[in-house]
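J.:
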Amino acid sequence: MEVPKRFQAGWEGMSQVERSVAATLLGLVFVLFLAVIGGVLTPAYFVFLLGLGGMYALLSLGLNAQWGFTGLINFSVAAFFGIGAYGTALMTADNSPIAGGFSPITGLIVALIVTAVIAVLIGIPTLSLRDDYLAIATLGLAEVVRLIALNQDSWTNGSAGVRGIPPFFDGWPILDGLPRALPGFRIELVPGSPLFLETPFYTAMLNLLIVGTFIGITYFALRRAHRAPWGRLLRTIRADEDLAKALGKNTYWYKMQAFVLGCLVMALAGVFYAHLNRYVAPGTLDPITTFYVWVAVMLGGSGSNRGALLGGFVIVAIREGTRAIDFGALPLEAAPLRLLVIGLLIILVMRFRPQGILPPQRELIWPGVVDDAPSQPDKAVRDTRGANNE
Amino acid sequence: MVNGDDNIDESRRKLLQYSAVAGLAGFAGCSTTGNGDGSDTDTDADGQSGGGDGSTETEAQSGGNSDPYTIGMIDSLTGSLSAFGERNQRGKNLALSRVNDVGIDGRQLKIQVEDSESQAQSGVTAAQNLVNQAGVPFVIGAVGTGVTMSVYESVIQDTDVVQLSQSSTGLGPTKFPDLLRVSPSGRSQANALADIIAEDGYDEVAVTYVNNNYGQSLADAFMSRWDGDIAYENSHNQEQASYSNLISQMADSGAEAWVFIAYQQGYSTMVNEMYESGYEAQMYGADSIQGDTVLENTPEGSMDGTKIVTPSAPVENENYQEFASAFQEEYDREPTSWASFAYDCVMVASLSIAAADEFTGAAISNVVRDVTRPEGEEVTSFEQGMQILQDGGGPSDIDYQGVSGPIDLDENGDPRGFLQVLEVQDHSYVGIDFISG
Amino acid sequence: MPPFEFLASPLLGYLANGLVYSSIIVLGGIGLSLVYSIGGFANFAHGDTMTVGAYAAFVTYGVVGAISGGVLGLPVGFFVALLAGIAVAVVVAVLTELVIYKPIDLDSIGLLITSIGVAFVYRAIIRMGFGADFRQYDIPTLRPIEWLIPYGVRITRHDVVIVLSALLLVGGLHVLLQYTDFGRKMRAMADNPDLARVSGIRTGRVKLWTWVIGAGLAGAGGVFLGLYNQLTPRMGFSLLLVVFAAVILGGIGSVYGAMLGGIVIGMVNQFMPALPQLGRLFPIIPRECDLPLVTSQCGIPIGIEYANAVAFLIMVAVLIIRPNGIMGEEN
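Next up, the structure:
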């Protein structure tokens, strides 16, 4: 069979880093799998967390398209996440002050259109600024968007938020109502710890399917784009914008494209969120989300799409995993302790593994270079890398 | 970014593996019934089964009779509403210790508390954890109407789990009969405020309200009830360093009666700024402006004459006084309405569990209203209620009277508002009147 | 009759309040700007450094508050506490720099992310130590200064102290940067770190001392913020965004830029009430209007809840015209 050979070649094709990360990940996945089987971690909650991780992975992909590939320090992630969420919410929800009752697909399309428009509006004044200024300017404009969402009751219901958002598959022939229709299973693999595969589990699986599809489309679209000349130009801009300009390229225009693209991906995550949570409020645009997504991208390995994906799941693991922190013995409050642990984790990762878990390996080298390299291996270039990357 | 050169030596890889293991340990940690409070007995990692779902049979708690009953609580332990979370926890801890002194049919009560971070998103994740992972049949939550509704619509609605909110005063939950709360809808407070101001002879007011669901809905209810003029109305954001632009606008409006729907932190700032600017006005407020911390952080005489409407059992009542003195002894301060609400939530939950046929959401939801409704003997403590149940009584034989009011959950899941009118006299709160909802 | 009575107008009141609020922002901003330009990154832990200083002063004041005597309504104990607050903020920040930032060999965005982690740590520790509720220094609240009231100005002596302190610190920093040897070295480093090092400046020491000064200013800012309003674990963080806006607007690395930025942002915030009533306040503009999108008093219908939004928009507008801030370095 071809498969094992591919895996073997793939394994040999990986570098040291990738191997150790892959090994650790596989180990983790295995342990989690055991935990679920053994009844220690319920399937419904686990799959829900996977869905949440997918959402953050999507946000990280979007940010990576801006930061990792083009070097844009964008601090308005939360705003576009929120715009995506509000876009679909305002179109589909019952108590939407503007529209309401449209199908979620319409909501998705509208959300993306609105996102593109606002992304351009925000990009125009900010993209020509230098790094640090770009960061604060985008942060400030994100706050403006949030304040508008909070105060303009006639547009967004203000602080009451938009409720009654239907699930994403509302109205679809089979998928609507599938979680309820499917029979529930009670599996007892480990005696005494039964697993329940019921409606919450199926709902979570369906949500996972949605976010997985979004991620799949986005990932492959971005990959193609980044391997194309367009992507090469973006990386040149990131490395040395003046050089790109000297080559006669209108860097501003390309940066704008990358910016809008990234924002569209973030909006996609927002759309998913709206139909997951069924309720959208101005709190969705709180800048803390932006910070978490940045941490996710850095943790995962900035500049790398795989790293961004990984980072999204890692940040959810950290945030939800630390919920259980409770050193009952010490007279310390649990909640701020969690904040402390997250802060320490960020510092530790930045200190000891700043390039993130999975920095880009050959992602930034387009295939042609490696393939056309001389077969007499120059260890510095070839190492153990094979013909297939990623 | 430092890219590229990854000379992975042994130590770094080990670090990665250790942190991965640590992360996993954290992950695994969230699956046990950890983070519980107030129980001294050992618990085993018996994940409560079957969070009560409509499509299959639910499982009653298995395991020995010594296992504690575990319920969930979603509280705003961090974030902008964290001060209320703190107050909630005090009330809840006091109630929990009292319940466990008596025991529910010989078993202890355990409450797994999760943090909503004052945000809908985290509240929903917390609810997912409690309902789908820990499998509790009863959730006390949340703080903030927005978070509460989000939790309900996203997680609880499709299950049998009972949700009882300790602190949601927005108008939304009334539409959902299964979403219960002990904090009365803001409408009763707003109406009471409007009536009191009118009685005091004012015909125009200046209103400010905190810019969230709570403030907005209370303000809307007030302004629809208020017959006179509204010389000024505007929202304000939480946690600002200065409200002087707000205060100067209110002073400019010419109104002599100022209405504050604000949280204590913001209100305290506003009072100080009024004092420092030399502005005086007759102040009225919702219960959120009341508290010992406000008294401690404002100068003498700055609030005298202020009238506040707060949901509370009459302070002359024995059960409230007993509660207040126990609270004072334990925490060295007067209880606020948030502590009272949380206290009552735990009591109602415990009585419902005791009265229910089995420890499942469906069974508990059948009895939860009855234990608070006027049919039956009035009980003011868990011990009393437990006694009646053990003597063979049913849920309708008890009428729990809370420290936040008579409760009496109606068919919309709302409590009967019982409001205390307080006035600030000599820089302390004095009850001057009460209004029955 | 008070002299110059014709000057009395709500505008003076807004101006005075704006001056005080601006001082708070300036106090927060100059330290941030300094660290930004010489340390090389946006320190998101700056707000929480302010909080650290404020709480350290709180603890100190609890101990020394009883000493009598004072100035402008502030007891001597307050100034002792102020020094303590500054000292603690400095110690904490320097430790952080030595243990965390320095060993990290990253670019500015990496350090920024790290500082977010540091901010969480500061805030969590303070929250654990002091609880989530708010408190104040045990200093009596003052009434407004009598003779200013007829002019529409309502400020207290504490406010005067805040403004004077801000002026003093800004002036002191300016003197340091322009007229001392050390200041010259700092400016050289801000301009071109590599050249500075090559020309013999001990950049490591300069950087450390920058942290000392920056954190000291943050600590002072926090103490005065606590005096101005109240102390909560989130006090510095809540103000951070506004402080950043001021620093960026004014231009990173420029002391006067930070001051200018602080004044602009602070004034905008306090002048918001004037917007809906322009006709009433300015003789040139007609008293009453009946136009769409304009209030009945010929003003701009923006509520005060948009104060921060307006500040940010102004910041962006300035950046469009001057991409490095008003007084930023021309790169």
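Residue numbers (this note's numbering), protein chains in the order written: chain A, -14 to 375; chain B, -12 to 424; chain C, 184 to 514. A virtual CB, placed ideally from N, CA and C, is assigned to each residue, including glycine.
#1: Exposed or buried, residue 460 of chain C, counting other C-beta atoms within 10 Å across all chains shown (16 or more means buried)?
#2: At what residues does the beta strand (DSSP E) containing residue 415 of chain B begin and finish?
#3: Which residues, in chain order, does the stretch 223 to 256 of chain B contribute to contact with chain C at a C-beta distance below 8 Å?
#4: Please report how far the alpha carbon of residue 315 of chain C lies from the alpha carbon of residue 493 of chain C, in whole angstroms.
#5: For a contact meaning CB atoms closer than 8 Å, what does residue 323 of chain C contact in chain B?
#6: Kindly confirm or deny that the stretch 444 to 454 of chain C and the stretch 202 to 222 of chain C touch, where touching means at least three C-beta pairs closer than 8 Å.
#7: Closer than 7 Å to a non-hydrogen atom of the ligand GTP - does that hold for the CB of residue 251 of chain A?
#8: Could you compute how far the alpha carbon of residue 81 of chain A sits from the alpha carbon of residue 267 of chain A?
#9: Whole angstroms is fine: what's the gap from residue 280 of chain C's alpha carbon to residue 335 of chain B's?
#10: At the level of alpha carbons, what is the spacing between residue 15 of chain B and residue 121 of chain B?
#11: Looking at residue 191 of chain A and residue 154 of chain A, is the spacing between their C-beta atoms short of 8 Å?
#12: By the criterion of Cβ-Cβ separation under 8 Å, what are the contact partners of residue 325 of chain A in chain C?
#13: What are the residues in the stretch 115 to 130 of chain A lying within 8 Å of chain C by C-beta distance?
#14: For the stretch 263 to 317 of chain C, list the beta strand (DSSP E) runs that are entirely contained and at least 3 residues long, ordered along the chain.
#15: From this set, B/312, B/316 and B/198, which residue's C-alpha is nearest residue 390 of chain B's C-alpha?
#16: DSSP three-state call for residue 356 of chain B: helix, strand or coil?
#17: Which residue's Cα is closest to the Cα of residue 216 of chain B: B/112, B/243 and B/307?
#18: Do residue 158 of chain B and residue 297 of chain B have their C-beta atoms closer together than 8 Å?
#19: Between the alpha carbons of residue 467 of chain C and residue 479 of chain C, how many angstroms are there, rounded?
#20: Kindly indicate the opening and closing residues of the alpha helix (DSSP H) around residue 164 of chain A.
#21: Nearest by alpha-carbon distance to residue 379 of chain B: which of B/343, B/419, B/239 and B/404 is it?
#22: Report all residues from its chain with a CB closer than 6 Å to the CB of residue 165 of chain A; omit the five preceding and five following residues, and keep chain order.
#23: What are the residues in the stretch 64 to 89 of chain B lying within 8 Å of chain A by C-beta distance?
#24: What does residue 300 of chain C touch in chain A if you count any residue whose Cβ is under 9 Å from its own?
#25: What did DSSP end up calling residue 205 of chain A once you bin it into helix, strand or coil?
#26: Three or more beta-carbon pairs under 8 Å between the stretch 234 to 245 of chain C and the stretch 360 to 368 of chain C, yes or no?
#27: Just reading off the beta strand (DSSP E) that residue 298 of chain B is part of, what are its end residues?
#28: Can you name the residues of chain A whose CB is closer than 8 Å to the CB of residue 133 of chain B?
#29: Report the residue from C/197, C/217, C/211 and C/194 whose alpha carbon sits nearest the alpha carbon of residue 357 of chain C.
#30: When Cβ atoms are compared, which residues of the stretch 277 to 289 of chain C fall closer than 7 Å to chain A?
#31: State yes or no: is the beta carbon of residue 376 of chain A nearer than 8 Å to at least one beta carbon in chain C?
#32: Where does residue 57 of chain B sit, in a helix, a strand or coil, going by DSSP?
#33: In chain order, what residues of the stretch 407 to 436 of chain C put their CB closer than 8 Å to some CB of chain B?
#34: Cβ of residue 439 of chain C less than 8 Å from any chain A Cβ?
#35: Nearest chain C C-beta to residue 132 of chain A closer than 8 Å, yes or no?
#36: Return yes when the Cβ of residue 171 of chain B is within less than 8 Å of the Cβ of residue 402 of chain B, no when it is not.
T.: Taking the structure as given:
#1: Numbered from 1 along the third sequence, position 277 holds the residue referred to as residue 460 of chain C. Buried is the call here.
#2: Reading the second sequence from its first residue, position 428 is the one you call residue 415 of chain B. First-last of the beta strand (DSSP E) with residue 415 of chain B: 415 to 423.
#3: 223, 224, 226, 227, 228, 229, 231, 232, 233, 235, 236, 239, 251, 252, 255 and 256
#4: Against the third sequence, residue 315 of chain C aligns to sequence position 132. Against the third sequence, residue 493 of chain C aligns to sequence position 310. Taking the straight line from one Cα to the other gives about 30 Å.
#5: One-based indexing of the third sequence puts residue 323 of chain C at position 140. Those are 286, listed as they occur along chain B.
#6: yes
#7: This structure simply doesn't include the ligand GTP, nor any ligand for that matter.
#8: By 1-based counting over the first sequence, the position of residue 81 of chain A is 96. By 1-based counting over the first sequence, the position of residue 267 of chain A is 282. About 14 Å.
#9: Against the third sequence, residue 280 of chain C aligns to sequence position 97. Against the second sequence, residue 335 of chain B aligns to sequence position 348. Each residue's Cα considered, the two are about 52 Å apart.
#10: Working through the second sequence from its first residue, we reach residue 15 of chain B at position 28. Working through the second sequence from its first residue, we reach residue 121 of chain B at position 134. Caution is warranted here: a pLDDT of 37 is assigned to residue 15 of chain B, below 50, making its placement in the model unreliable, and the coordinate value is therefore given only provisionally. If you take the alpha carbons of residue 15 of chain B and residue 121 of chain B, they lie about 12 Å apart.
#11: Position 169 of the first sequence, counted from the first residue, corresponds to residue 154 of chain A. Position 206 of the first sequence, counted from the first residue, corresponds to residue 191 of chain A. Cβ atoms of residue 154 of chain A and residue 191 of chain A: closer than 8 Å.
#12: Here residue 325 of chain A is taken as the residue at index 340 of the first sequence, counted from 1. Per Cβ cutoff of 8 Å: 303, 304, 307, 308 and 311.
#13: Residues of the stretch 115 to 130 of chain A whose Cβ lies closer than 8 Å to any Cβ of chain C, in chain order: 115, 116, 117, 118, 120, 121, 122, 124, 125, 126, 128 and 129.
#14: none
#15: Against the second sequence, residue 390 of chain B aligns to sequence position 403. Selected option, being the one with the closest Cα: B/312.
#16: To locate residue 356 of chain B, count along the second sequence from 1; it is residue 369. Correct three-state label for residue 356 of chain B: coil.
#17: Start at 1 with the first residue of the second sequence, and residue 216 of chain B comes out as number 229. The shortest C-alpha separation from residue 216 of chain B is found at B/243.
#18: For the purposes of this step, residue 158 of chain B is identified with residue 171 of the second sequence, where counting begins at 1. For the purposes of this step, residue 297 of chain B is identified with residue 310 of the second sequence, where counting begins at 1. Contact annotation: residue 158 of chain B and residue 297 of chain B have beta-carbon atoms that are not nearer than 8 Å.
#19: For this step, residue 467 of chain C is matched to residue 284 along the third sequence. For this step, residue 479 of chain C is matched to residue 296 along the third sequence. Cα to Cα, the separation comes out at about 16 Å.
#20: Residue numbering aside, residue 164 of chain A sits at position 179 when the first sequence is read from its first letter. Its alpha helix (DSSP H) spans residues 163 to 166.
#21: On the second sequence, residue 379 of chain B is found 392 positions in, with the first residue counted as 1. Of B/343, B/419, B/239 and B/404, the residue nearest in Cα terms is B/343.
#22: Here residue 165 of chain A refers to the residue found at position 180 when the first sequence is read from its first residue. The residues are 184.
#23: 64, 65, 69 and 72
#24: By one-based count along the third sequence, residue 300 of chain C stands at place 117. What residue 300 of chain C touches in chain A: 280, 327, 328, 329, 330, 331, 332, 333, 334 and 335.
#25: As a working note, residue 205 of chain A is residue 220 in the first sequence. Of the three classes helix, strand and coil, the one that applies to residue 205 of chain A here is helix, per DSSP.
#26: The stretch 234 to 245 of chain C makes no contact with the stretch 360 to 368 of chain C, as fewer than three CB pairs between them are under 8 Å.
#27: Counting from 1 along the second sequence, the entry for residue 298 of chain B is found at position 311. Run containing residue 298 of chain B: 294 to 298, per the beta strand (DSSP E) assignment.
#28: Here residue 133 of chain B corresponds to residue number 146 of the second sequence, with the count starting at 1. What residue 133 of chain B touches in chain A: 144, 145, 146, 264, 266 and 268.
#29: Looking up residue 357 of chain C in the third sequence gives position 174. Comparing Cα positions, the closest option is C/217.
#30: 283, 286, 287 and 289
#31: For chain A, the structure presents residues -14 to 375; residue 376 of chain A sits outside this window and is missing.
#32: As a position in the second sequence, residue 57 of chain B is number 70, starting the count at 1. Of the three classes helix, strand and coil, the one that applies to residue 57 of chain B here is strand, per DSSP.
#33: 408, 411, 412, 413, 415, 417, 418, 421 and 422
#34: Taking the first residue of the third sequence as 1, we reach residue 439 of chain C at position 256. It does not; no Cβ of chain A falls within 8 Å.
#35: Counting from one through the first sequence, the residue named residue 132 of chain A turns up at place 147. Nearest CB-CB separation between residue 132 of chain A and chain C: below the 8 Å threshold.
#36: Locating residue 402 of chain B in the second sequence gives position 415, where the first residue counts as 1. Locating residue 171 of chain B in the second sequence gives position 184, where the first residue counts as 1. Cβ distance < 8 Å, so residue 402 of chain B and residue 171 of chain B count as in contact.
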